[in-house]
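Heads up: the sequence shown begins at 403 in my numbering, then just goes up one per residue.
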Amino acid sequence: MKHLHKYGVLAASFADSEDTELATAATSLKNELAAFRVKHMPAWRRNWAAAIDRTLKDKGIEARAFGRRNRSLDVIGGQFADYSAILKVRQTIGAAVELLRFGRVNFRKHHGADEYDYFALGAPPDEAL
403 MKHLHKYGVL
413 AASFADSEDT
423 ELATAATSLK
433 NELAAFRVKH
443 MPAWRRNWAA
453 AIDRTLKDKG
463 IEARAFGRRN
473 RSLDVIGGQF
483 ADYSAILKVR
493 QTIGAAVELL
503 RFGRVNFRKH
513 HGADEYDYFA
523 LGAPPDEAL
């Protein structure tokens, strides 16, 4: 996925080129990258959340992606009654959450909990490079 970012930077750098053929190719690449992200990011987020869920199930932590285009992440576990546990998990998954462009992460103590801590991340939309 980091390679997508590199291609996006490359496309953006040539988009304003005086060479019209190069600028057209850069714009086309930029549009194709945006379409690719819009198509695949929701599945990547869902699959990553499912992998986290499988990995941490034995520690009593569950995870799921949900919402419009799977841009929200629920992390559920009894240990989230302690705020330091939330911060530790947030630091651990932070880079992946940012890379996958989750817009919000909720930390719940148990399923159906009305009270929970959340972090709104302000991630760019999937089509943005």
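Where is the CB? At the ideal position from N, CA and C, for every residue including glycine.
Because the structure is a prediction, the values reported are computed rather than measured.
C-alpha gap between residue i and residue j, whole angstroms
| i | j | result |
| --- | --- | --- |
| Phe521 | Arg506 | 6 angstroms |
| Ala483 | His512 | 9 angstroms |
| Asn508 | Val477 | 6 angstroms |
| Leu502 | Val440 | 12 angstroms |
| Leu424 | Ser430 | 10 angstroms |
| Tyr485 | Glu500 | 21 angstroms |
| Asp519 | Thr422 | 50 angstroms |
C-beta contact flag for residue i and residue j at 9 angstroms
| i | j | result |
| --- | --- | --- |
| Leu435 | Ala417 | no |
| Ile463 | Gln481 | yes |
| Trp467 | Pro444 | Inspection of the sequence shows that residue 467 is occupied by Ala rather than by Trp. Yes; because the gap between Cβ atoms is below 9 angstroms, this pair is in contact. |
| Leu529 | Ala437 | Per the sequence shown, the amino acid found at residue 529 is Glu instead of Leu. Yes, these two residues count as a Cβ contact at 9 angstroms. |
| Arg456 | Arg473 | no |
| Phe504 | Ala487 | no |
| Trp450 | Ala497 | no |
Environment of residue i [buried if 16+ CB atoms lie within 10 Å]
| i | result |
| --- | --- |
| Leu475 | buried |
| Gly479 | buried |
| Ala470 | Contrary to the premise, residue 470 reads as Arg rather than Ala in this sequence. Arg470 is exposed by the Cβ-count criterion. |
Among the options, nearest to residue i - alpha-carbon criterion
| i | options | result |
| --- | --- | --- |
| Leu523 | Arg510, Arg492, Glu517, Asp516 | Arg492 |
| Leu406 | Asp519, Asn433, Leu489, Ala451 | Asn433 |
Length at least 3, wholly inside the segment 433-496: the beta strand (DSSP E) runs in chain order: 464-468, 474-478
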